[in-house]
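Undergrad: Just so you know, my numbering puts 889 at position 85 of the sequence shown, and the rest follows in order with no gaps. By construction, the Cβ of each residue, glycine as well, lies at the ideal position given by its N, Cα and C atoms. Computed from a predicted model, the values in this text were never measured in an experiment. The structure's right below; bear with me while I get my questions together.
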Amino acid sequence: MDTTVPAPNAPRVLPRAEWVRTLPQTIVASCVLLLDAEDRILLLRYAGGQPAAGLWGLPGGMLDPGEDPVGAARRELHEETGIALRGDLRFIGYDHRADVLGTGPVLDFYFHGGRLPAGQPVQRSPEHDQHGLFALADLEATPLATRLPTLGALLTAARTGTVVCLRDGLPR
């Protein structure tokens, strides 16, 4: 016969499904850094009616259910620019943003998609109203969705073959 007495004030153990619901929910997104022969970065401007209307950012977006970050990067790039990359995407970094527009934490994965061929057409989705190739030095006065320090760190990672770890858009 078991005569064990529960300890007073013992922490309650939650069933797994209930415990999982208590964990922080994180949005996961993937973005692609594409460069031209002059190391200019392809950026897209969000159209009116979008949460980031008027801001410029890298092609990318949130993962669909069951999608991995590489698959999401390829899909988002194609949806937003019409560009279908054939080669490998190289992982160049991640950014943990503690809270984005009140939605909670976001984890962004960044991939280098290589060099754009000269004259590569860009077929924008309705989500964007402009696109362009920008040198990092020309972006200081540009309203950005992807912060300038983030773009600088990603450009360095792409050029040097390294990986950068960011927190709220800044190198750690």
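Can you check the region 894 to 968 for any beta strand (DSSP E) of at least 3 residues that lies completely inside it and give the ranges in chain order?
TA: Entirely contained in the region 894 to 968, the beta strand (DSSP E) runs reaching 3 residues are, in chain order, 894 to 901, 910 to 919, 932 to 938.
Undergrad: Just the Cα atoms here: how many angstroms apart are Leu952 and Pro869?
TA: Roughly 30 Å separates the two Cα atoms.
Undergrad: DSSP state of Gly865, grouped into three classes?
TA: Strand, per DSSP.
Undergrad: Identify whether Arg879 lies in helix, strand or coil by the three-state DSSP scheme.
TA: Arg879 falls in the helix class under three-state DSSP.
Undergrad: Within a Cβ cutoff of 7 Å, which residues of the same chain sit near Asp972, ignoring the five residues on either side of it in sequence?
TA: Excluding sequence neighbours, Asp972 sits near Arg901, Ala902.
Undergrad: Taking only the alpha-carbon atoms, compute the straight-line gap between Val926 and Gln934 and give it to the nearest angstrom.
TA: When rounded, the distance between both Cα atoms is 10 Å.
Undergrad: Per DSSP, what kind of secondary structure is Arg890 in: helix, strand or coil?
TA: If DSSP states are grouped into helix, strand and coil, Arg890 belongs with coil.
Undergrad: For Ala821, does the three-state DSSP call read helix, strand or coil?
TA: Note: Ala821 maps to helix in three-state DSSP.
Undergrad: For Glu880, I'd like the list of residues in its chain whose CB is within less than 7 Å of its CB, leaving aside the five on either flank, ordered along the chain.
TA: For Glu880, where only same-chain residues beyond five positions count, the Cβ hits under 7 Å are Ser834, Pro863, Gly864, Gly865.
Undergrad: Kindly list the residues whose CB is nearer than 8 Å to the CB of Ile831, restricted to its own chain and excluding five residues on each side of it in sequence; keep chain order.
TA: Excluding residues within five positions, the ones whose Cβ falls inside 8 Å are Met866, Val904, Thr907, Gly908, Pro909, Val910, Leu911.
Undergrad: Is the separation between the beta-carbon of Ala949 and that of Gly853 shorter than 8 Å?
TA: Not in contact: Ala949 and Gly853 (Cβ atoms no closer than 8 Å).
Undergrad: One question on the structure: do Gly917 and Leu889 come within less than 8 Å of each other, judged by their Cβ atoms?
TA: Cβ atoms of Gly917 and Leu889: closer than 8 Å.
Undergrad: Thinking just about the alpha-carbon of each residue, which of Leu839, Pro921, Ile896, Glu944 is nearest to the one in Pro975?
TA: Measuring from the Cα of Pro975, the nearest candidate turns out to be Ile896.
Undergrad: So, helix, strand or coil for Pro975, using DSSP?
TA: Strand, per DSSP.
Undergrad: Just how far apart, CA to CA, sit Leu970 and Pro812?
TA: So the two alpha carbons sit approximately 44 Å from each other.
Undergrad: Could you tell me the boundaries of the beta strand (DSSP E) in which Ala833 lies?
TA: That run of the beta strand (DSSP E) goes 831 to 839.
Undergrad: Counting along the chain, where does the beta strand (DSSP E) carrying Leu848 start and finish?
TA: Run containing Leu848: 845 to 850, per the beta strand (DSSP E) assignment.
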